[in-house]
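J.:
Numbering (UniProt numbering), first residue to last: 1 to 109.
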């Protein structure tokens, strides 16, 4: 199996769901927090927000954002290459989403 074949056969949705389950264990009520956060986004930015998702991980917030606001755009920023790989695979081909590798603790990055 070549690298490109392996990449196309990866089940990014399963990886995303696995990450969500793991995070829910650490933060009970996570979905309610997302709902409240998106209510605030809508109140301040309307139904077509442009969002900067800092420490985006696998893109859990961006996923919920785009499901609720189909015309939204999101730029996700994270340093972890494994999490960004999952995010980029999950959102592959979605022109509303961009990911950036950067260290939020380093202003030069």
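Quick reminder that beta carbons are idealized off the backbone N, C-alpha and C, glycines included.
What residue does the beta strand (DSSP E) around residue 50 start on, and which one ends it?
T.: Per DSSP, residue 50 belongs to the beta strand (DSSP E) from 50-54.
J.: Spell out a yes or no on whether the stretch 27-40 and the stretch 50-58 are touching, meaning 3 or more CB-CB pairs, one atom from each, closer than 8 Å.
T.: Contact between the stretch 27-40 and the stretch 50-58 is absent, because fewer than three Cβ pairs lie under 8 Å.
J.: Tell me which residues share the same chain as residue 98 and place their Cβ nearer than 6 Å to its Cβ, disregarding the 5 neighbours each side in the sequence.
T.: Excluding positions up to five away in sequence, the list reads 75.
J.: Sorted by chain position, which residues of the same chain lie with C-beta nearer than 6 Å to residue 12's C-beta, five sequence neighbours on each side aside?
T.: Result list for residue 12: 89 and 90, in chain order.
J.: Can you tell me which of 52, 101, 94 and 61 puts its alpha carbon nearest to the alpha carbon of residue 84?
T.: Selected option, being the one with the closest Cα: 101.
J.: Which residue comes first and which comes last in the alpha helix (DSSP H) that contains residue 34?
T.: Per DSSP, residue 34 belongs to the alpha helix (DSSP H) from 30-45.
J.: If you measure from the beta carbon of residue 31 to each beta carbon in chain D, is any gap under 8 Å?
T.: Here there is only one protein chain, and chain D is not present.
J.: What number of angstroms, rounded off, separates the C-alpha of residue 49 from the C-alpha of residue 63?
T.: If you take the alpha carbons of residue 49 and residue 63, they lie about 14 Å apart.
J.: Cα-Cα, which of 38, 9 and 92 is closest to residue 67?
T.: Of 38, 9 and 92, the residue nearest in Cα terms is 38.
J.: Please state whether DSSP places residue 5 in a helix, a strand or coil.
T.: Residue placement at residue 5 is flagged as unreliable, the pLDDT there being 48, under the threshold of 50; the coordinate-derived value follows with that caveat. In this structure, residue 5 counts as helix in the three-state DSSP scheme.
J.: Measure the C-alpha to C-alpha separation of residue 65 and residue 81 and round it to an integer number of angstroms.
T.: So the alpha carbons of these two residues sit roughly 22 Å apart.
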